[in-house]
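Novice: Here you go, one structure.
Protein chains: 2
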Amino acid sequence: MNTFLFPGLKLGFLLVVVSSQELTRFIPSWAPLSLTRAQNRMNLELNGAAQCHATEKVVDMKLDHFDFTNDETFKLRYFISNKYSSVSNPPIFFYTGNEGDIVLFCNNSDLMHLKYLSSEQALADYAYLIGAIKEEPSLAHSPVIAFGGSYGGMLAAWMRMKYPNVIAGSIACSAPIWNFPKEMECNAPYQIVTKDFEMSSKNCSSVIRASWGALDTMGRTEKGRQDITTGLRLCKPLHSEADVETVKSWLSETWFNLAMVDYPYPANFLEPLPANPIKSICAAFTSPNKTDSELLTQLVGALTIYYNFTGQALCFNTSQTQSGHVDEYGWYYQFCTEMVMPSCSDGVTDMFEPRPWDYDAYVKNCQNLFGVTPRADWVETFYWGRDITTASNIFFSNGALDPWSSGGVLTNLSKTLQAFVIPEGAHHLDLRSKTEMDPPGLIQARLMEYAAVKRWIIEYT
Amino acid sequence: MNTFLFPGLKLGFLLVVVSSQELTRFIPSWAPLSLTRAQNRMNLELNGAAQCHATEKVVDMKLDHFDFTNDETFKLRYFISNKYSSVSNPPIFFYTGNEGDIVLFCNNSDLMHLKYLSSEQALADYAYLIGAIKEEPSLAHSPVIAFGGSYGGMLAAWMRMKYPNVIAGSIACSAPIWNFPKEMECNAPYQIVTKDFEMSSKNCSSVIRASWGALDTMGRTEKGRQDITTGLRLCKPLHSEADVETVKSWLSETWFNLAMVDYPYPANFLEPLPANPIKSICAAFTSPNKTDSELLTQLVGALTIYYNFTGQALCFNTSQTQSGHVDEYGWYYQFCTEMVMPSCSDGVTDMFEPRPWDYDAYVKNCQNLFGVTPRADWVETFYWGRDITTASNIFFSNGALDPWSSGGVLTNLSKTLQAFVIPEGAHHLDLRSKTEMDPPGLIQARLMEYAAVKRWIIEYT
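Residue numbers (our numbering), protein chains in the order written: chain A, 583 to 1043; chain B, 583 to 1043.
Here's what the structure looks like:
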């Protein structure tokens, strides 16, 4: 955040942070109050905000902005910091929060209120919240800059597209706004993961390519499955070929996540990791021309870096690919309603096993889990698909190493719809704090973002 | 419509007409089927479409675009005509229909389904409908031009603002998109009505100004009320001062409607009327310096022109201000939810009785009628209030005589947000057929609209 100071403009700024999955929206009034205060992702995302002495506040918000017969409200929590604001009408930096933790709620009550979990409700919340904040006379003429990363980056972009009256401009970091049917190849993210591993060493992707066959061969016998359990140091023994499939999915997701967090310095986003984790992992991969067991040994070397970097994991739990920071239940509901993001691999242009995008199976799964049917064409209709050139004042940043960049905006679309790809960047690297180890591409991205924001502020005032 | 042919571009066009209040959306499955085919306003609006040999079609549409847990669909009816289309990818003219007749439904079932009656649902319907129409390969690359008048004009403008991916440009005729709290003076429409009457003759507004006091004085006694009943040829006798208030409201609404339909040639929009009806009416107003009864006689002369032009009305029904074409029930529901359009008069800058905008009474009335509370700040948040300069390719036309022009866009806001006021125009005069009597301002408006549409089509293709 400290990159966003505007000495030239003699302006400080006001920081507002809010989650797009605020727990209280999904918790019926009869639920235990403790739930409404449950730890959620936002608290983690707020590390930066806390350093800015953010104050927690709540505002009454309509439960359903699109149903005028429903007057229920809920308390939307937000954090606000005026540490850097000393003048009237300072720019307001509005962090459009990501998916937050609603798993506690889902374990404790029914799914009914999940229907209020949608990007449309979140954007309307943001618009009203900003309106409420600007009722304060000294903020009435403040330009508001939205910023966010990943799904939050999509929300930041969509805020400017759908509410340009509220948002002067948006910094959308690693926002895969085109990761939808008809808009990209479903294995594009996996191709990027593969390239990331290939760049570190030729052997790296070859070992992974070879590992699937090795696991299949060993997985066919009880003895082989025991060898996998021991060889990969799994917490739970494998009993069937289906269990072996689970191991393979877990490995796939691990490689994918590694590409997302392949940061140039030690970081703790999904897992605590060393700098350039793919490089470290690839060092463990010496050769693909090995026996099946020897291949497993190489994989363990890699997994140890991802899951055990701090030295606390005794065995690997294949039901977990992250240490629990990013809670996937709410996101999965959104994935089952409007966020229909196809995913597949072909084993040729990527290093993964061939897995087509099985739309029917995905729909069935969503119907079983939540009783909802995904609407595959909604996002490209409501959020304009690839026809976004009528929008303005959005800066799209992406990391070349980030698999999600395949669904992002990578080139300038107009003078006011700018894009920049950070060559050394993984998933929204530019939202991280400034460090001594920032690579040149990141420094350049921030300079461009700074210039864009400055232009939007001047334009507004 | 015949103004919209593009010989220079060698293009015909495809015409699509759809209502924003399609009955079938609001009719539960258990309602008698006859209701779903009930006569509604659309049939009337379709006179033009019928002349173009429009075909009626239906498309399955989600009942609720914003509730992903609701998979119910309804049959959205639309009319399509390709009479003027002979080539591939012709421009599609998409008429964003107005409020239609749902009174039959409301009389026959409960109000539950009214919750699906909103501009947001209508716009999403339009977006999906256009997507469905463009699935036909020969239309895949057709530019779509939205056009509409009044509320339909607002929808046309909002379509381009919210779905610029679907709409290449919009002709928004007499669209009072700023007729909302904070955005205009609540008596501005009444000032325009007053000016219209004053322009015809000085006496005209003076007689109306004087009439309120006359009605009050006479209305205080039983004898006086009888005189009003006889003098104004009312169908129902007046029994109380409250009845007299009803008469005054009916008169106010009559003068307002006259200003809306003050067309330069005989027309039948709200009522069958002669050319320049205000002029005809004002001729009946000889002097305000008369006795109370003589004033009534002058009013009758005016009312006869509005309500009895075809010679069929034997007495005046004060519960009706229009012959039933425009059905107000559905619109009133929208007025009670998102379309919060303040209305007042002051008796000084306008010729009406002073009536402040009583927000609390209005809210209570909505709660009693529909069990809903109006959301006064929604439209200015969701549809951008006065900050619409980030939009593009909208042509706003208004009539200087039209009271609704006070909430319209009257000046160019940018190169691509154009506005034109037709000096001789009342409510969306430019949507009417071309006639020999078209005044110069109307001809100019159509030329400008033609040029704008042509530019949008060229830009698109």
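For every residue, glycine included, the Cβ atom is placed at its ideal position computed from N, Cα and C.
Under a Cβ-count criterion, where at least 16 other Cβ atoms within 10 Å of its own Cβ denotes burial, should A:Cys897 be classed as buried or exposed?
Specialist: Sequence index remark: in the first sequence, residue 897 of chain A carries index 315 (1-based). With fewer than 16 Cβ atoms within 10 Å of its Cβ, A:Cys897 is classed as exposed.
Novice: Give me, in chain order, the residues of the same chain whose beta-carbon lies closer than 7 angstroms to that of A:Asn858; leave out the 5 immediate sequence neighbours on both sides.
Specialist: One-based indexing of the first sequence puts residue 858 of chain A at position 276. Asp844 and Pro846.
Novice: Taking 7 angstroms as the cut-off, is the CB of B:Lys744 close to at least one heavy atom of the ligand SAM?
Specialist: Looking at this structure, you won't find the ligand SAM or any other ligand, since it has none at all.
Novice: Alpha carbons only, please: which of A:Asp940, A:Met800, A:Pro924 and A:Ala866 is nearest the one belonging to A:His821?
Specialist: Taking the first sequence and counting its residues from 1, one reaches residue 821 of chain A at position 239. Closest by alpha carbon: A:Met800.
Novice: Within 10 angstroms of the Cβ of A:Ala841, are there 16 or more other Cβ atoms? Answer buried if so, exposed if not.
Specialist: Sequence index remark: in the first sequence, residue 841 of chain A carries index 259 (1-based). By the neighbour-count rule (16 or more Cβ atoms within 10 Å), A:Ala841 is buried.
Novice: What residues in the segment 723-753 of chain B have a beta carbon less than 8 angstroms from any beta carbon of chain A?
Specialist: Lys744, Tyr745, Pro746, Asn747 and Val748
Novice: Taking the alpha helix (DSSP H) that B:Arg1014 falls in, what are its first and last residues?
Specialist: Counting from one through the second sequence, the residue named residue 1014 of chain B turns up at place 432. No alpha helix (DSSP H) holds B:Arg1014; DSSP gives it neither H nor E.
Novice: What do you reckon, are the CB atoms on B:Ala757 and B:Gly735 nearer than 8 angstroms?
Specialist: Locating residue 757 of chain B in the second sequence gives position 175, where the first residue counts as 1. Locating residue 735 of chain B in the second sequence gives position 153, where the first residue counts as 1. For B:Ala757 and B:Gly735, yes; Cβs fall inside 8 angstroms.
Novice: If you reduce the DSSP assignment to three classes, tell me which class B:Ala796 lands in.
Specialist: Position 214 of the second sequence, counting from 1, holds the residue named residue 796 of chain B. B:Ala796 falls in the helix class under three-state DSSP.
Novice: Who are B:Met933's beta bridge partners in DSSP?
Specialist: The count along the second sequence starts at 1 and reaches residue 933 of chain B at position 351. In DSSP, B:Met933 forms no bridge with anything.
Novice: Expressed to the nearest angstrom, what Euclidean distance is found between the alpha-carbon atoms of B:Ala728 and B:Tyr915?
Specialist: Sequence index remark: in the second sequence, residue 728 of chain B carries index 146 (1-based). Sequence index remark: in the second sequence, residue 915 of chain B carries index 333 (1-based). About 25 angstroms.
Novice: What do you get for A:Asn975, buried or exposed, if any count of 16 or more other CB atoms within 10 angstroms of its CB means buried?
Specialist: On the first sequence, residue 975 of chain A is found 393 positions in, with the first residue counted as 1. When all chains shown are included, A:Asn975 counts as buried.
Novice: Among the residues of its own chain, which have a CB less than 7 angstroms from the CB of B:Lys744, if the five just before and after it don't count?
Specialist: Position 162 of the second sequence, counted from the start, is the residue given in the question as residue 744 of chain B. Here the set comprises Leu705.
Novice: Cα-Cα, which of B:Trp913, B:Ser987 and B:Trp939 is closest to B:Pro924?
Specialist: Here residue 924 of chain B corresponds to residue number 342 of the second sequence, with the count starting at 1. Comparing C-alpha distances from B:Pro924 to each of B:Trp913, B:Ser987 and B:Trp939 shows the shortest one belongs to B:Trp939.
Novice: Using a 10 Å radius around the Cβ and a threshold of 16 neighbouring Cβ atoms, would you call B:Met643 buried or exposed?
Specialist: As a first step, residue 643 of chain B is located in the second sequence; it is residue number 61 there, counting from the start. Buried, by the Cβ-count rule.
Novice: Could you tell me which of A:Ala714, A:Lys716, A:Leu852 and A:Val600 sits nearest to A:Tyr677, measuring between CA atoms?
Specialist: Translated into positions along the first sequence, residue 677 of chain A becomes position 95. Measuring from the Cα of A:Tyr677, the nearest candidate turns out to be A:Val600.
Novice: Does the Cβ of A:Pro771 have 16 or more other Cβ atoms within 10 Å, making it buried, or fewer, making it exposed?
Specialist: Counting from one through the first sequence, the residue named residue 771 of chain A turns up at place 189. By the 16-neighbour rule on beta-carbons within 10 angstroms, A:Pro771 is buried.
Novice: The beta strand (DSSP E) that contains A:Gly981, what's its start and end?
Specialist: Against the first sequence, residue 981 of chain A aligns to sequence position 399. Where A:Gly981 is concerned, the enclosing beta strand (DSSP E) stretches over Ile976 to Gly981.
Novice: How far does the beta strand (DSSP E) with A:Ile759 in it reach, from first residue to last?
Specialist: The residue labelled residue 759 of chain A in the question sits at position 177 within the first sequence. Careful: A:Ile759 lies outside any beta strand (DSSP E) and carries neither H nor E.
Novice: Since B:Leu596 contacts B:Asn664 with CB under 8 angstroms, what's their CB separation in whole angstroms?
Specialist: Walking along the second sequence from the start, residue 596 of chain B turns up at place 14. Walking along the second sequence from the start, residue 664 of chain B turns up at place 82. Indeed, because the Cβ distance is near 5 angstroms, the residues count as touching under 8 angstroms.
Novice: Check the C-beta distance from A:Ser701 over to A:Leu737 and give it rounded, since I have them as a contact under 8 angstroms.
Specialist: Translated into the one-based positions of the first sequence, residue 701 of chain A becomes position 119. Translated into the one-based positions of the first sequence, residue 737 of chain A becomes position 155. Yes, they are in contact, since the Cβ atoms of A:Ser701 and A:Leu737 sit about 6 angstroms apart, within 8 angstroms.
Novice: Would the segment 821-833 of chain B and the segment 782-797 of chain B be scored as touching if the rule is three or more Cβ pairs under 8 angstroms?
Specialist: Contact between the segment 821-833 of chain B and the segment 782-797 of chain B is present, because at least three Cβ pairs lie under 8 angstroms.
Novice: Under a CB-based cut-off of 8 angstroms, is B:Glu571 close to chain A?
Specialist: Nothing in the structure corresponds to residue 571 of chain B, since chain B is present only between 583 and 1043.
Novice: Going along the segment 851-867 of chain B in order, which residues come within less than 7 angstroms of chain A, judged by CB to CB distance?
Specialist: none
Novice: Could you give the DSSP three-state label for B:Glu876: helix, strand or coil?
Specialist: Against the second sequence, residue 876 of chain B aligns to sequence position 294. Here B:Glu876 sits in helix by DSSP.
Novice: Looking only at its own chain, which residues have a Cβ that is under 8 angstroms from the Cβ of B:Asn584, when we skip the five neighbours before and after it?
Specialist: Against the second sequence, residue 584 of chain B aligns to sequence position 2. Here the model assigns B:Asn584 a pLDDT of 34, short of 50, so the residue's position is not dependable and the matter cannot be decided.
Novice: Return the residue from the list B:Val641, B:Glu638 and B:His647 that minimises the CA-CA distance to A:Thr955.
Specialist: On the first sequence, residue 955 of chain A is found 373 positions in, with the first residue counted as 1. Each of B:Val641, B:Glu638 and B:His647 was checked against the Cα of A:Thr955, and the nearest Cα belongs to B:His647.
Novice: So, using beta-carbon positions, are A:Glu765 and A:Gly967 closer together than 8 angstroms?
Specialist: Walking along the first sequence from the start, residue 765 of chain A turns up at place 183. Walking along the first sequence from the start, residue 967 of chain A turns up at place 385. Cβ distance < 8 angstroms, so A:Glu765 and A:Gly967 count as in contact.
Novice: Hey, could you find the ends of the beta strand (DSSP E) B:Ser663 is sitting in?
Specialist: Position 81 of the second sequence holds residue 663 of chain B. Here the beta strand (DSSP E) through B:Ser663 covers Thr655 to Ser663.
Novice: Check whether the Cβ atoms of B:Thr971 and B:Leu995 sit closer than 8 angstroms, and answer yes or no.
Specialist: Position 389 of the second sequence, counted from the start, is the residue given in the question as residue 971 of chain B. Position 413 of the second sequence, counted from the start, is the residue given in the question as residue 995 of chain B. It is a contact, given that the beta carbons lie within the stated cut-off.
Novice: Any idea if B:Gln880 is buried or exposed, counting beta-carbon neighbours within 10 angstroms, 16 or more meaning buried?
Specialist: On the second sequence, residue 880 of chain B is found 298 positions in, with the first residue counted as 1. That one is buried.
Novice: Return helix, strand or coil for B:Val775, following the three-state DSSP convention.
Specialist: On the second sequence, position 193 is the one that residue 775 of chain B refers to. Correct three-state label for B:Val775: helix.
Novice: Find out if the Cβ-Cβ distance for the pair A:Ala866, A:Gly883 is shorter than 8 angstroms.
Specialist: The residue given as residue 866 of chain A occupies position 284 in the first sequence. The residue given as residue 883 of chain A occupies position 301 in the first sequence. Yes; because the gap between Cβ atoms is below 8 angstroms, this pair is in contact.
Novice: List the residues of chain A whose Cβ lies closer than 7 angstroms to the Cβ of B:Arg957, in chain order.
Specialist: For this step, residue 957 of chain B is matched to residue 375 along the second sequence. Those are Phe650, listed as they occur along chain A.
Novice: Take A:Leu696 as the anchor and find which of A:Ala722, A:Pro672, A:Lys997 and A:Cys918 has the nearest alpha-carbon.
Specialist: One-based indexing of the first sequence puts residue 696 of chain A at position 114. Residue A:Cys918 is the option with its Cα nearest to A:Leu696.
Novice: In angstroms, rounded to a whole number, what distance separates the CA positions of B:Cys755 and A:Tyr1032?
Specialist: What you label residue 755 of chain B is simply residue 173 of the second sequence in a count that begins at 1. What you label residue 1032 of chain A is simply residue 450 of the first sequence in a count that begins at 1. Spanning the two alpha carbons is a distance of roughly 42 angstroms.
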